[in-house]
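0 is the number of the first residue of the sequence shown in numbering that gives the first Met the number 0; add one for each residue after it.
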Amino acid sequence: MRSARFAGLLSFVAGVLMLVCGAFAWGATSTQLASENITVANDAPAFAGSKVAGPLTAFYQAEAVKQHTRAASNGLTYAELVAKVQEAKDAGDTATAEQLQTTRTMVETGNFVRASLLTSVMAFGVSALVMGAGLLFSCLGWGLYRLSAVHAQDAEPQED
């Protein structure tokens, strides 16, 4: 019974640590994101005008960046623009190649911003997962600890 009680206590402590670490990671991600002073674009699918500081605002700002980038590039992706720049250079059309290169650079920057925002969304998700697992470990550990204590009392010999 002692080993079950120890396992329960260990699981409970591990769960509490996971909860604390997950909450710290969530808070750090939120603080760092908020310190960038990003505001969700007015034409975003949701949260327009809100400060980006959480997973939903970061996700919808990333979607707005995607929309703006696609609109500015006439729907062309970065990879498609690379091919178009090369086609223009091969055809000797340097003016078009330069214009497409400028668009390609803008799309590249937009993709970097979008990837950074989506990385923060993933960080929030992992933090939530760790906190949820920590809560589960804590509850199971506490239950195992309590059950082992009850069974230990039942196992003691009764005096008449």
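Positions of the beta carbon are idealized from the N, C-alpha and C atoms, including for glycine.
Small disclaimer: the values here were computed from a predicted structure and weren't measured.
inquiry  = Which complete alpha helix (DSSP H) runs does the stretch 69–102 hold, if anything under 4 residues is left out?
reply    = 77–89
ask   = With which residues is K65 paired in a DSSP beta bridge?
value = Looking at the DSSP assignment, K65 forms no beta bridge with any residue, so it has no partner.
task = Could you tell me which residues DSSP puts in a beta bridge with T38?
result = K50
ask   = Which residue's Cα is closest to the Cα of W25: G142, E86, C138, L128?
value = L128
ask   = Taking one C-beta from the stretch 3–20 and one from the stretch 94–105 each time, how about it: are there three or more such pairs within less than 8 Å?
value = no
inquiry  = Please identify the residue among P44, T56, G142 whose C-alpha is closest to the C-alpha of L116.
reply    = T56
inquiry  = Can you look up A43 in the DSSP assignment and give me helix, strand or coil?
reply    = coil
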